[in-house]
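For reference, each letter of the first sequence is one residue, going 68 to 332 in the numbering used here. Where a beta carbon is used, it is the ideal one built from N, C-alpha and C, also for glycine. A quick write-up on the structure given underneath.
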Amino acid sequence: MKVATYNVNGINGRLEVLLRWLEEASPDVLCLQELKAPQEKFPIKALEGAGYGAIWQGQKSWNGVAILARGQEPHLTRKGLPGEPEDEHSRYIEAIVDGIVIGGLYLPNGNPCPGPKFDYKLRWFKRLRDYAAELLELEVPVVLVGDYNVMPTELDVYKPERWTNDALFRVEVRDAFRHLVDQGWTDALRHLHPDERIYTFWDYFRNAYARDAGLRIDHFLLSPQVASRLAKAEVEKHVRGWDHSSDHAPVWIELHDEPMMPADE
DNA sequence: ATGCCCTCGCCTCGAGGA
Numbered sequence: 068m069k070v071a072t073y074n075v076n077g078i079n080g081r082l083e084v085l086l087r088w089l090e091e092a093s094p095d096v097l098c099l100q101e102l103k104a105p106q107e108k109f110p111i112k113a114l115e116g117a118g119y120g121a122i123w124q125g126q127k128s129w130n131g132v133a134i135l136a137r138g139q140e141p142h143l144t145r146k147g148l149p150g151e152p153e154d155e156h157s158r159y160i161e162a163i164v165d166g167i168v169i170g171g172l173y174l175p176n177g178n179p180c181p182g183p184k185f186d187y188k189l190r191w192f193k194r195l196r197d198y199a200a201e202l203l204e205l206e207v208p209v210v211l212v213g214d215y216n217v218m219p220t221e222l223d224v225y226k227p228e229r230w231t232n233d234a235l236f237r238v239e240v241r242d243a244f245r246h247l248v249d250q251g252w253t254d255a256l257r258h259l260h261p262d263e264r265i266y267t268f269w270d271y272f273r274n275a276y277a278r279d280a281g282l283r284i285d286h287f288l289l290s291p292q293v294a295s296r297l298a299k300a301e302v303e304k305h306v307r308g309w310d311h312s313s314d315h316a317p318v319w320i321e322l323h324d325e326p327m328m329p330a331d332e
């Protein structure tokens, strides 16, 4: 089973690229972020034509998240995180697909820092941690995946010293991510590639992709019940080089069908 | 220190992104 994430930076402006990649990669599940489209402008017909069922939470101009499933309808279990009812940003959507809870998220950027946007990012992170702890208590397969807008370590930034005071790399934000992972989650890409420089985002500015000046900000966090099934984790870097690409690349993990149990268990 | 490039809106510039 292949589970993927892709910050599309505008689903309608990106539709051709998205359909091309779906045809090429055929993920079983795909979480999308930054739809930048209101609910009624989500291109459901085109995605159904490509063989996918979908649930989504749109928003005019900004944010917006979706979950696609190949050959089936994702079973919606939640829209939005608990803890701040007045928060109207479309940043979290959750579904069950093939027995796995898929939480698709788009964490706030937080710049400029300091400021209200940074405060909102930290609050959102806290809400995510509180909710993630509840999910872990269920002891079921859970994948919390999407654009976290955090580079967890210096290995995840092309030039760490340039990013020290940025909301994506501030120590408070790295701490928040680490505390989340330390609840018992597995960072899938880093787990399988402990020493590699891996990026999932390259700025449109400064010829960043050609220079490989990237950031690793799109992450898969796996509950123990699904971490035991992790087989592969890869970034579709070449897609970032396509014409009219998003500034993020798609990222995916491959899961074994059955848990890999220790021999003596 | 800032803009760079790109997306969206309701409209040709501004806001936001990271």
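Note to self: Is it buried or exposed, phenylalanine 236, if we count other Cβ atoms within 10 angstroms and call 16 or more buried?
What the structure shows: buried
Check: If you follow the beta strand (DSSP E) that valine 248 is part of, which residue opens it and which one closes it?
Finding: Counting along the chain, valine 248 falls outside any beta strand (DSSP E), though it belongs to the alpha helix (DSSP H) covering 238–248.
Notebook entry, point to check: Where glutamate 107 and alanine 133 are concerned, what is the direct C-alpha to C-alpha distance, given to the nearest angstrom?
Noted result: 13 angstroms
Check: Would glutamate 153 be called buried (16 or more neighbouring beta carbons within 10 Å of its own) or exposed?
Finding: exposed
Notebook entry, point to check: Any idea what DSSP makes of aspartate 233, helix, strand or coil?
Noted result: coil
Notebook entry, point to check: Are the CB atoms of leucine 297 and leucine 322 nearer to each other than 8 angstroms?
Noted result: yes
Item checked: tyrosine 215 (DSSP reduced to helix, strand or coil) -> coil
Checklist line | Cut-off 8 angstroms between Cβ atoms - residues of its own chain near glutamate 325, not counting five sequence neighbours on either side | finding: Arg296
Check: Nearest CA to the CA of alanine 370: which residue from His258, Asp214, Lys226?
Finding: For the chain, the structure presents residues 68 to 332; residue 370 sits outside this window and is missing.
Next item on the list: May I have the straight-line CA-CA distance separating proline 291 from asparagine 74, to the nearest angstrom?
Entry: 25 angstroms
Next item on the list: Could you please give me the residues that DSSP links to phenylalanine 268 through a beta bridge?
Entry: Leu282, His315
Next item on the list: Could you spell out where the alpha helix (DSSP H) holding alanine 294 opens and where it closes?
Entry: 291–294
Item checked: arginine 278 versus asparagine 79: straight-line alpha-carbon distance, rounded -> 28 angstroms
Notebook entry, point to check: What did DSSP end up calling glycine 138 once you bin it into helix, strand or coil?
Noted result: coil
Checklist line | Chain-order list of residues whose beta-carbon lies under 8 angstroms from that of threonine 144 (same chain, five-residue window excluded) | finding: Glu161, Ala162, Ile163, Val168
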